[in-house]
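So for the sequence shown, this note's numbering puts the first residue at 170; every next one is plus one. Comments concern the structure below.
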Amino acid sequence: MASSKSGACWLFKLIYIAFLLCFFAVLIFWLIFRPKEVKFHVTDATLTQFNFNTTTNTLYYNLSVNITLRNSNKRVGVNYNSIEAIACYQNKLFSTVSLTPFYQGHKNTSILRPLFEGQKDMSLQVHDLSKMDEEKSAGVFGIDIKLSVQISINYGKFKTFQFKPRMIYCPLKVPLSDNGTVAEGFKTTQCNDASFFSAPDDTD
Numbered sequence: 170m171a172s173s174k175s176g177a178c179w180l181f182k183l184i185y186i187a188f189l190l191c192f193f194a195v196l197i198f199w200l201i202f203r204p205k206e207v208k209f210h211v212t213d214a215t216l217t218q219f220n221f222n223t224t225t226n227t228l229y230y231n232l233s234v235n236i237t238l239r240n241s242n243k244r245v246g247v248n249y250n251s252i253e254a255i256a257c258y259q260n261k262l263f264s265t266v267s268l269t270p271f272y273q274g275h276k277n278t279s280i281l282r283p284l285f286e287g288q289k290d291m292s293l294q295v296h297d298l299s300k301m302d303e304e305k306s307a308g309v310f311g312i313d314i315k316l317s318v319q320i321s322i323n324y325g326k327f328k329t330f331q332f333k334p335r336m337i338y339c340p341l342k343v344p345l346s347d348n349g350t351v352a353e354g355f356k357t358t359q360c361n362d363a364s365f366f367s368a369p370d371d372t373d
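Written as structure tokens, this is what we have:
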């Protein structure tokens with residue numbers, strides 16, 4: 170009976186020691202790399218066509234976007250294994266573009282240039298059309314760009330498994346170009362903070 174209690178006590182101590190070792194290993198690892206989230210900005214957006222045909226319920230569009238990704242980490246790189254850019258108007262998806270996978274090294278700024286062009290059958294309600302008319306009169310449309318990515322992280326020579334973080338969301342106010350000119354230029358817009366390190370699980 171005493172030996173059984175002694176064995177259980179030793180097992181508990183071993184588990185406790187193993188837990189402490191793992192905790193301090195993770196803490197030291199984190200202090201060495203101190204990962205910072207990648208920052209996303211839309212630095213330019215050009216909209217040359219954005220017309221809705223109420224007879225056929227078809228949206229005709231041509232939108233090009235420049236998105237900068239800044240990785241300010243000194244020892245951490247990001248593998249973008251798949252990237253999908255999504256364009257939405259009034260919470261309705263109208264176009265998706267698959268972008269080329271790439272690796273972003275430490276202390277690096279990368280640029281994505283998705284181009285959305287074509288037509289999309291959409292169902293817009295009366296209030297949607299009313300808002301669209303208002304924006305058309307103002308010459309500026311509210312368009313949301315989202316980035317859905319699957320990534321893995323390089324901590325030095327160690328590479329994590331692939332995972333899908335929360336979507337990057339960029340709410341834009343894009344002026345409509347008229348013969349290549351706009352009344353007021355596009356203003357650089359910051360997207361929501363990435364969650365590559367703080368909350369890696371996809372919640373969208």
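Ideal Cβ positions, reconstructed from N, Cα and C, are used throughout, including at glycine.
- Between residue 263 and residue 360, the C-beta gap is not smaller than 8 Å, which leaves the two residues out of contact.
- Annotation for residue 362: no beta strand (DSSP E) segment contains it, and DSSP assigns it neither H nor E.
- With a contact defined as Cβ atoms closer than 8 Å, residue 327 and residue 206 miss out at about 19 Å.
- Per the DSSP secondary-structure output, residue 321 pairs in a beta bridge with 248.
- Every beta strand (DSSP E) stretch that sits fully inside the stretch 270-311 and reaches 3 residues is listed by chain position as 271-273, 277-281 and 284-290.
- Per DSSP, the beta-bridge partners of residue 253 are 267 and 317.
- In the DSSP assignment, the residues bridged to residue 231 are 218 and 286.
- A Cβ-Cβ distance of about 6 Å is found for the pair residue 226 and residue 291, placing them in contact under the 8 Å criterion.
- In the three-state reduction of the DSSP assignment, residue 182 falls in the helix class, which pools H, G and I.
- DSSP places residue 240 within a strand segment (E or B) once states are collapsed to three.
- One alpha carbon belongs to residue 325, the other to residue 248, and they sit about 13 Å apart.
- Residue 363 counts as buried, since no fewer than 16 other beta carbons sit within 10 angstroms of its beta carbon.
- Among the bridge pairs identified by DSSP, residue 334 is matched with none.
- Short of 6 Å from the beta carbon of residue 284, and not among the five residues preceding or following it, lie these beta carbons of its own chain, in chain order: 233.
- From the listed residues 309, 251 and 182, the smallest Cα separation to residue 334 is found for 251.
- Look at residue 211 here: in three-state DSSP terms it is strand.
- Residue 339 is not a Cβ neighbour of residue 357, given a cutoff of 8 Å.
- With distances taken between CA atoms, residue 316 lies nearest to 237 out of 296, 278, 237 and 295.
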